[in-house]
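The structure under discussion appears below in the form of structure tokens.
There are 2 protein chains.
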Amino acid sequence: MRGSGLTRDLSFLLARANALSLAAGNAALAEHGLRVRSYSVLALAMDDIRPSQRDLAAFLRLNPSQVVALVDDLEDRGLVRREADPADRRNNVVVATAEGRDCFVSAQLAARAAERELHGQISSRQRDQLAELLQTLAFPG
Amino acid sequence: MRGSGLTRDLSFLLARANALSLAAGNAALAEHGLRVRSYSVLALAMDDIRPSQRDLAAFLRLNPSQVVALVDDLEDRGLVRREADPADRRNNVVVATAEGRDCFVSAQLAARAAERELHGQISSRQRDQLAELLQTLAFPG
DNA sequence: GCATTATGATTGAATATGTCAATGATCGTG
DNA sequence: CACGATCATTGACATATTCAATCATAATGC
Chain A
366 MRGSGLTRDL SFLLARANAL SLAAGNAALA EHGLRVRSYS VLALAMDDIR PSQRDLAAFL
426 RLNPSQVVAL VDDLEDRGLV RREADPADRR NNVVVATAEG RDCFVSAQLA ARAAERELHG
486 QISSRQRDQL AELLQTLAFP G
Chain B
366 MRGSGLTRDL SFLLARANAL SLAAGNAALA EHGLRVRSYS VLALAMDDIR PSQRDLAAFL
426 RLNPSQVVAL VDDLEDRGLV RREADPADRR NNVVVATAEG RDCFVSAQLA ARAAERELHG
486 QISSRQRDQL AELLQTLAFP G
């Protein structure tokens, strides 16, 4: 099977690598009550970006209505807070609470450990190369 | 937003690059009545691998029951045929029909064009590098 | 100022995907 | 040939995705 032409297809490789990474990520985050989706939201709510839900949807390539559910869940669990944007009160800015930060940092350890394990085959130089290449694909233009 | 720590997270980059690639792929394949899933099945049914449905499920990281639906659809449209494996009659070997081959080759042109467009930012040397790195992630061990 | 148009969040409905356990056919082994 | 294992299939269930409609707020043009 691995001799198939598909194996040289970037989009197929991307899909398969992503499937593995997603499964490993979700498994590693489960003990922290997160999944890669909610982990990503939390990550963005951590730094001083102060993203609106619209921003989150665009960045994570989700439908805005999916972000509603994601933020609802995190908010119910006290990890995140919706704040009205003073500059534009249509926007809900999503910010991590103190517990959210704590949860994130411990989850991040687990996530990183899982990544290291999953990517044990490649050197850290290769990892950086890969990250750079993926960035140009992930953020064209 | 792009300054977020997530941007340096391989699994996030993988997810986002894959989302873009998937959307572009599905769009490009739509005019051929395919999606990237069915395109992949067709690709594997093309060469002389003679994959069983189980093989397809494992390779494409799908549940075997999802492959049933995928192959049902392709078979209904005459692009693919189920053959009993003479060596083990539990296996359904999936093979492309003549129309399936025709459909695939024209779809492949569209898929490749879409990829080139999507990956216009990177050189072909970088593309090869990326493919190689992704292969080690996509097929560990 | 006020009507018009556009944008963000939210909801609910429709559709699609994913997961799982049960079943019948076939295989391999003792 | 009985046993347990594997493959394809089905149906039930849970989860995700997409979409249109709604309400609140903003920005624009008059």
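As they're listed, the protein sequences go chains A and B.
In terms of our numbering, the first sequence opens at residue 366 and continues consecutively.
In terms of our numbering, the second sequence opens at residue 366 and continues consecutively.
For glycine and all other residues, C-beta sits at the position ideal for the given N, C-alpha and C.
Next on the checklist: Please tell me whether VAL460/A and ARG442/A are closer than 7 angstroms, where the distance is taken between their beta carbons.
Outcome noted: It is not a contact, given that the beta carbons lie outside the stated cut-off.
Next on the checklist: In the DSSP output, what is ASN457/A paired with across the bridge?
Outcome noted: The partner list for ASN457/A (beta bridge, DSSP) reads ALA449/A.
Item to check | Proximal residues, the segment 403 to 432 of chain B versus chain A, C-beta separation under 7 angstroms | outcome: Here the close residues are SER405, ALA408, LEU409, ASP412, ILE414, PRO416, ASP420, PHE424, ARG426.
Checklist entry - When the Cα atoms are used, what is the spatial distance from PHE424/A to ALA380/B? => result Near 11 angstroms, if we compare the C-alpha coordinates of ALA380/B and PHE424/A.
Checklist entry - Can the beta-carbon of ALA488/B be found closer than 7 angstroms to that of ASN456/B? => result Before going on, a small fix: residue 488/B reads as Ser here, not Ala. Taking 7 angstroms as the Cβ cut-off, SER488/B and ASN456/B do not qualify as a contacting pair.
Next on the checklist: Can you check which of these residues, SER403/B, ARG481/B, ALA382/B, ARG492/B, is closest to VAL436/B by C-alpha distance?
Outcome noted: Nearest C-alpha to VAL436/B: SER403/B.
Checklist entry - Quick one: which chain A residues come within Cβ less than 8 angstroms of HIS397/B? => result Within chain A, no residue comes near HIS397/B; the closest Cβ sits about 15 angstroms away, beyond 8 angstroms.
Checklist entry - Counting along the chain, where does the alpha helix (DSSP H) carrying MET411/B start and finish? => result That run of the alpha helix (DSSP H) goes 401 to 411.
Next on the checklist: Excluding the 5 residues flanking VAL406/B on each side, which residues of the same chain have their C-beta closer than 8 angstroms to its C-beta?
Outcome noted: In its chain, beyond the 5 residues on either side, LEU421, LEU425, VAL432, LEU435, VAL436, LEU439, VAL445, VAL459 have a beta carbon closer than 8 angstroms to the beta carbon of VAL406/B.
Next on the checklist: Using only the alpha-carbon positions, how far apart do ALA475/A and LEU483/A sit?
Outcome noted: Their backbone Cα atoms lie some 12 angstroms apart in a straight line.
Item to check | Backbone secondary structure at SER417/B - three-state DSSP | outcome: SER417/B falls in the strand class under three-state DSSP.
Item to check | Cα-Cα separation between ARG367/A and ASP413/A, rounded to whole angstroms | outcome: Distance from the CA of ARG367/A to the CA of ASP413/A, rounded to the nearest whole angstrom, comes to 44 angstroms.
Item to check | Cross-chain neighbours of GLU480/A in chain B, by beta carbon under 7 angstroms | outcome: Chain-ordered, the chain B residues with CB closer than 7 angstroms to the CB of GLU480/A read LEU375, SER376.
Checklist entry - Which residues in the same chain as ASP450/B place their Cβ atom closer than 6 angstroms to its Cβ, once the five residues preceding and following it in sequence are excluded? => result ASN456, VAL458.
Checklist entry - How is PRO429/A classed by DSSP in three states: helix, strand or coil? => result Residue state, collapsed to three classes: helix.
Checklist entry - Since ALA393/A and LEU378/B are thought to touch, with beta carbons under 8 angstroms apart, how far apart are those beta carbons, to the nearest angstrom? => result With a beta-carbon spacing of about 17 angstroms, ALA393/A and LEU378/B fall beyond the 8 angstroms limit used to define contacts.
Item to check | Local conformation of ARG477/B per DSSP, three classes | outcome: Of the three classes helix, strand and coil, the one that applies to ARG477/B here is helix, per DSSP.
Checklist entry - Can you tell which of ALA472/B, LEU375/B, PHE504/B has its C-alpha closest to the C-alpha of GLU396/B? => result GLU396/B has its Cα closest to that of ALA472/B, out of ALA472/B, LEU375/B, PHE504/B.
Item to check | Interface residues of chain A facing LEU371/B [CB-CB closer than 7 angstroms] | outcome: Going along chain A in sequence order, the residues near LEU371/B (Cβ under 7 angstroms) are SER405, ALA408, LEU409.
Next on the checklist: Along the segment 448 to 473 of chain A, where does the CB come closer than 8 angstroms to a CB of chain B? Name the residues.
Outcome noted: Nothing from the segment 448 to 473 of chain A brings a Cβ to less than 8 angstroms from some Cβ of chain B.
Item to check | Neighbour flag for ALA496/B against chain A, beta carbons, 7 angstroms | outcome: It does; some Cβ of chain A falls within 7 angstroms.
Next on the checklist: Quick check on this structure: which residue in ARG477/A, GLY398/A, ASN383/A, ASP493/A has the alpha carbon closest to the alpha carbon of CYS468/A?
Outcome noted: Comparing alpha carbon positions, the residue from ARG477/A, GLY398/A, ASN383/A, ASP493/A closest to CYS468/A is GLY398/A.
Checklist entry - Using a beta-carbon distance below 7 angstroms, is ASN391/B in contact with chain A? => result Under the Cβ criterion of 7 angstroms, ASN391/B is not counted among the residues facing chain A.
Checklist entry - Residues of chain A with CB under 7 angstroms from ARG381/B, in chain order? => result Per Cβ cutoff of 7 angstroms: ARG426, ALA503.
Checklist entry - In chain B, which residues lie less than 7 angstroms from ARG490/A when you measure between Cβ atoms? => result Close to ARG490/A, with beta-carbon spacing below 7 angstroms, lies no residue of chain B; the smallest spacing is near 11 angstroms.
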